[in-house]
Amino acid sequence: MDIHELKQLLAQANQDAENAFEEYSKKSSAHRAALKIMKIEKELHYGDVTQSQHLKKIKDIITFHAEEIINENNKA
Amino acid sequence: MKIIKLEINNFRQFYGKQTIEFATGDKHSVTLIHGENNGGKTALLNALKWCLYEETTENLQDQNFLINKHALAKNVNAYSVKILLSHDNKIFEVQRRGTHTPRKNQLKVFEIGEDGCYASNEEKNPNTFINSILPKEMSDYFFYQGEGTGTLSSQNDFNHIKEAISKVLGLTVAEKTLMHLTKIRNDYIKELTSYDTTNESEKQSALKEKLQANLELTKKNLKLRTEEQAIAESEYQSSERALARFDKSILEEKIHTRSKLNSALKVAERSLIEKKQAKLKNLPIWLSDSFCSRLAQFELDKINIDELKNSHKYTVDKRLISEILKNHECICGTAVPEESNAFKLISDLQQAAVDVNLKRRWSAVTSLHSKLVKVSPPRDIMLSVLDEIEKYQDEIHGLNKDIEELTHTIVESDVEDIKKVEKQRAQSKAKNEDLLRQVTNLESEVRRLTIDLKVTDEKLLKLGLSQPKAKLYQALITSTEKISDLYKEAIESASTGVDLKILAKMRELFERVAFNGYSIKKEQGNKESYTWVIVDKDGKKVAAGNGYQAMLAISFIIALIQFSKDRANAKQHLLTPGAIAPFIADSILAFIGPDNGRELVKYISESVEQSIFMFSQAQWTESHTDKGFRHKIGKEYNLVQHTILTEDQFKGTYPTKLSVLGKEYDVVKFGSEFDKVTIEEVVLNV
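Chains A and B, in that order, are what the protein sequence lines are.
The opening residue of the first sequence carries number 1 in the numbering used here; numbering runs sequentially from there.
The opening residue of the second sequence carries number 1001 in the numbering used here; numbering runs sequentially from there.
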């Protein structure tokens, strides 16, 4: 199997994964915030970022989404 | 993820730049690499592991010396590994370059375009990128080292199972995130109290913090005690089992039984001697009686006694008459010529003459016969004695066997051991009961603290809402809690029933390769802990040897890999997703027999997307192993050892030639300028 065939095979799986990701982030603001937090947590865990910036970044994400989350929560 | 190509440069035994292209097709997904001891198999596995995670396996000797020694001697200070891999419809090159002095290395990841050149700048977060493809925690299962101590030793131990499942579910990062969110929430609560003029919030916050700390501590204790209790229970059960073997009363009973059997043996031996002596003593009598009985069976009527009957009237000596007639002379000296009347008369007299001894002999015969008839035949007595001898011999044999078995059991059951096991059982029982009490108390404590915490939270919420300035922080607290709930939910839903899913997959493999009806069962320790055990076709636990234990461990790893693959497209984005990655196995059949090995490689090659097997000829044979996966092999390599030794000086115990599909290849090349290993392709027609 050459690289092109391999790429074709992987294309569908990639698309499915992206769709699922989109679908998840559309669920609520809390979901969107949770996804963003996960991204930076992974970077921290696998050694690409340092601890000092880390909690501040998470707080920024929460602050950014707080109003939406509260509104959605009140509606529910 | 599929590994397309590996390029190593001055890494361990591999001098200069060398490459391996791996089989990536669906039909031919297996790459087979042959290599003998010190031939570079483990070095290849470590090249992959080091390049991706900057880690090496435990069994790699001299782990800080990754550079090729010959290259270093030539003043080369750098070594590197490049991996070309496919992931998410893209091709990437992962490269790690290291220097020996100073000891450092650098990781870079590039996407490769269709033209084969770098498509973009290097990835900003290469470690995160690699770990998003195959997390480091999971790589222990995909990179299998059969001769090492890490992955094989205790796969069916509860803590190991739990840890492995947690790694495959990607709980590590999610649990850390939850911890960070809790810390952030507590920070917000502190801020909230600063806007509270009544100090009530401060009081409640302090109480909440205390409750939270207590709850965390209690939970931690509960977890610890639960694990300790599982171990104590397992120890108690094992000492129970041991004691059953060494039960004192059973042992005493056995000693008593043996003594009774010994007495019975003595009696039987005495009786046997008596019977044998009786047999010896009576044998001449039995022989004589037997002969007499035989003679008595002769019927006298069948004897012709006409001569005797005729002789009753005269007592004329038959022998004397014959003499007279023969010599023509009477006993008185008178001649008796043939023509004379006397000769004629004497001849007539011969008709009635009789043997004088015949009558006496006949009388003796009839008298003897009447006596013989009265003798009883000895057959029944003889048979009865012989039967008794045989009976005693059988009895003695049986008794000796029983005594021998009992003696063996008694010898094995050392009384001192019993005392020790009894003490252990008492200790482990007490410990187990104590821990169970502690676990129950801690569980109630957790429940109580959770309720208290909820009440305090509600109070805080009310207070927060009454202070306008505190509203913002209250909103942040609520948002943080909402996000935390998503993580908690993700962890809980992902963990439910995973053990049973993995067990089902393990069974499928194990039953296929074990042959003898053995399977795997989940054995519950207490309500929290469990372990995998090998059971026979009736579901009874069996004490299986190293080979079966290795198969159990491998089936667990393959089940984890399959489970990871199932999760690759799971819509659970807050956890590390599962991974599709190659299974790379160095010496996977180290403890496994040839037939089980053949089935094992067959199963793996058919169920894993891409597999790379590395074998020495002690584990790979054309007659067995190869038959399991030959149809799946797309690429095959031979690791050739070049040695400065001559063939005579070479003292290697492994083969120096390799035969694949009728063609022979060198495994060792002699008289090299320096020691090295080269990777040579075994060309296949696939």
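All C-beta atoms in this analysis are idealised placements derived from N, C-alpha and C, irrespective of residue type, glycine included.
Answer with buried or exposed for T1151/B, where buried requires no fewer than 16 other C-beta atoms within 10 angstroms of its C-beta.
-> Note that T1151/B has pLDDT 43, beneath the 50 cutoff, so the model's placement of it is unreliable and the number below is only indicative. By the 10 Å Cβ count, T1151/B comes out buried.
contact_flag[the region 1111 to 1120 of chain B, the region 1137 to 1145 of chain B] where n(CB pairs < 8 Å) is 3 or more | no
Close Cβ partners of T1678/B (< 6 Å) along its chain, the five nearest in sequence each way excluded = V1640
Any idea what DSSP makes of T1149/B, helix, strand or coil?
-> Summary for T1149/B: the model assigns pLDDT 43, below 50, so the residue's position carries little reliability; its value from the coordinates is reported in the next sentence. If DSSP states are grouped into helix, strand and coil, T1149/B belongs with coil.
Checking contacts by CB at 7 Å: is N74/A closer than that to chain B?
-> no
Reference L1215/B; option with closest CA among T1450/B, K1005/B, K1651/B and M1551/B | T1450/B
The region 1480 to 1500 of chain B / the region 1169 to 1189 of chain B touching (three or more Cβ pairs under 8 Å) | Because the criterion of three Cβ pairs below 8 Å is met, the region 1480 to 1500 of chain B and the region 1169 to 1189 of chain B touch.
Can E43/A and N1105/B be called in contact, C-beta distance under 7 Å?
-> no
Through-space distance from K1429/B to A1232/B, alpha-carbon basis | Distance between the alpha carbons of A1232/B and K1429/B is about 8 Å.
Is the Cβ-Cβ distance between Y1518/B and I1502/B less than 7 Å?
-> no
Anyone know if the C-beta pair for T1478/B and I62/A falls short of 7 Å?
-> Result no, Cβ atoms of T1478/B and I62/A do not sit closer than 7 Å.
Residue from I1520/B, V1356/B, Q1350/B and L1251/B whose Cα sits closest to the Cα of A1553/B | Across the set I1520/B, V1356/B, Q1350/B and L1251/B, the C-alpha of I1520/B shows the shortest separation from the C-alpha of A1553/B.
By the 10 Å Cβ neighbour count, where 16 or more other Cβ atoms means buried, how is P1102/B classified, buried or exposed?
-> By the 16-neighbour rule on beta-carbons within 10 angstroms, P1102/B is exposed.
N-terminal and C-terminal residue of the beta strand (DSSP E) that H1087/B is part of | Run containing H1087/B: A1078 to H1087, per the beta strand (DSSP E) assignment.
Reduced DSSP secondary structure (H/G/I, E/B, other) of N1075/B | Of the three classes helix, strand and coil, the one that applies to N1075/B here is coil, per DSSP.
Any Cβ of chain A within less than 7 Å of the Cβ of N1127/B?
-> yes
So with Cβ pairs under 7 Å, would you call I40/A a contact of chain B?
-> no
I1000/B CB to nearest chain A CB: under 7 Å?
-> Only positions 1001 to 1686 of chain B appear in the structure, and residue 1000/B is not among them; the question remains open.
Using a threshold of 7 Å, state whether the C-beta atoms of F1591/B and G1547/B are closer than that.
-> yes
Report back the beta-carbon spacing between I1083/B and L1052/B to the nearest angstrom; my notes put them in contact at under 8 Å.
-> Confirmed, about 7 Å.
Rounded to whole angstroms, what's the CA-CA distance from H1328/B to K1309/B? Just pull it up for me.
-> 29 Å
Quick one: Cα of T1042/B to Cα of L55/A, how far?
-> Going by the C-alpha atoms only, they are around 41 Å apart.
Local conformation of S1029/B per DSSP, three classes = coil
Going along the chain, which residues of its own chain have a beta-carbon closer than 6 Å to the beta-carbon of I1091/B, five neighbours each way excluded?
-> If we look at I1091/B and ignore the five residues flanking it on each side, its Cβ neighbours are I1112.
Quick one: does L1476/B have its CB under 7 Å from some CB of chain A?
-> yes
Is the region 1344 to 1357 of chain B touching the region 1268 to 1275 of chain B in the sense that three or more CB pairs, one from each, lie closer than 8 Å?
-> These segments do not touch.
Anything in chain B within Cβ reach of K26/A, meaning under 9 Å, just list it in chain order.
-> Those do not exist, as K26/A stays about 12 Å from chain B at its closest Cβ, beyond 9 Å.
Sort out for me which residues DSSP pairs I1551/B with in a bridge.
-> With the sequence shown as reference, residue 1551/B is identified as Met, and Ile is not the correct amino acid for it. The partner list for M1551/B (beta bridge, DSSP) is empty, contrary to what the question assumes.
Using a cut-off of 7 Å between C-beta atoms, extract the partners of E43/A located in chain C.
-> The question asks about chain C, but that chain is absent: this structure's protein chains are A and B.
Tell me whether the beta-carbon of K1602/B lies closer than 7 Å to the beta-carbon of F1022/B.
-> F1022/B sits away from K1602/B, with the two beta carbons spaced by 7 Å or more.
Name the chain A residues whose beta carbon is nearer than 9 Å to that of K1176/B?
-> E41, L44 and H45
Go through the region 1417 to 1470 of chain B residue by residue and report every complete run of the alpha helix (DSSP H) that reaches 4 residues or more, in order.
-> none
Which residues DSSP lists as bridging T1226/B, in chain order = None; T1226/B has no bridge partner.
S1132/B versus chain A: which residues are under 9 Å apart at the beta carbon?
-> K42 and Y46
For D1536/B, which of R1507/B, A1559/B and I1558/B has the nearest alpha-carbon?
-> Measuring from the Cα of D1536/B, the nearest candidate turns out to be R1507/B.
Are N1127/B and N1068/B touching if we call contact CB-CB under 7 Å?
-> Annotated as distal: N1127/B and N1068/B, with beta-carbon spacing of 7 Å or more.
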